[in-house]
Amino acid sequence: MKPTIICVDDEKVILDSIKTQLKSAFGAAYSYETAESAEDALELIEELDDEGRGVVVIVSDWLMPGMKGDELLIHIHRNFPGVIKIMLTGQADQEAVERAVKQANLHKLLKKPWTEEELIKGICDAMQQL
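Each residue of the sequence shown is one higher than the one before, starting from 13 at the first, in my numbering.
Right, here's the structure in full:
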């Protein structure tokens, strides 16, 4: 079974863009899943874990309805510390970023609009640390 990369954003157009960029760079090496809320992402990661499908990377937006991205990444880190966490944002406050770095072992913060090169490099750099 292929390792999984999860993308979380409340805007479908952003999810589609990230997924397209990841597939273009990594092809069939991974499976790609998306979630439109933090709650959906938590359910998804639990389901994948129950199925024995490992999640290697989660790319999450910060500003989402309900649970913010830093809270999501902290929660995931507590239960799945080996997952690489990347936060994508146009407007995260500095405190949220610092919380994610300290409590979720945030690997990378990407500012919107990001470039495909930044996204792929961030993931590749993180993979080398595994």
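For glycine and all other residues, C-beta sits at the position ideal for the given N, C-alpha and C.
### Query
Is it the case that the Cβ atoms of residue 119 and residue 97 are separated by a distance below 7 angstroms?
Along the sequence shown, one-based indexing puts residue 119 at 107. Along the sequence shown, one-based indexing puts residue 97 at 85. Contact flag set, yes.
#### Entry: Endpoints, alpha helix (DSSP H) assigned at residue 32
Taking the sequence shown and counting its residues from 1, the one referred to as residue 32 is at position 20. Its alpha helix (DSSP H) spans residues 24-38.
### Task
Taking residue 60 and residue 16 to be in contact with their CB atoms under 8 angstroms, please state how far apart those CB atoms are, rounded to whole angstroms.
The residue given as residue 60 occupies position 48 in the sequence shown. The residue given as residue 16 occupies position 4 in the sequence shown. Correct: roughly 6 angstroms between the Cβ atoms.
### Among 79, 76, 54, 112, the one whose alpha carbon lies nearest that of residue 67
Here residue 67 refers to the residue found at position 55 when the sequence shown is read from its first residue. Residue 67 has its Cα closest to that of 54, out of 79, 76, 54, 112.
### Task
Quick one: give me the first and last residue of the alpha helix (DSSP H) that residue 133 is part of.
Start at 1 with the first residue of the sequence shown, and residue 133 comes out as number 121. Segment 128-140, the alpha helix (DSSP H) holding residue 133.
### Query
Cα separation between residue 77 and residue 40?
If you number the sequence shown from 1, residue 77 lands on position 65. If you number the sequence shown from 1, residue 40 lands on position 28. Spanning the two alpha carbons is a distance of roughly 32 angstroms.
### Query
Excluding sequence positions up to five away, which residues of its chain have a Cβ less than 7 angstroms from the Cβ of residue 31?
Start at 1 with the first residue of the sequence shown, and residue 31 comes out as number 19. Excluding sequence neighbours, residue 31 sits near 19, 44, 46.
### Message
Can you find the residues in the same chain that come closer than 6 angstroms, C-beta to C-beta, to residue 130, ignoring five residues on each side of it along the sequence?
### Response
In the sequence shown, residue 130 corresponds to position 118, counting from 1. Excluding sequence neighbours, residue 130 sits near 122.
#### Entry: Minimum C-alpha distance to residue 95 - residue among 102, 125, 58, 21
For the purposes of this step, residue 95 is taken as the residue at position 83 of the sequence shown. Among 102, 125, 58, 21, the Cα nearest to that of residue 95 is on 58.
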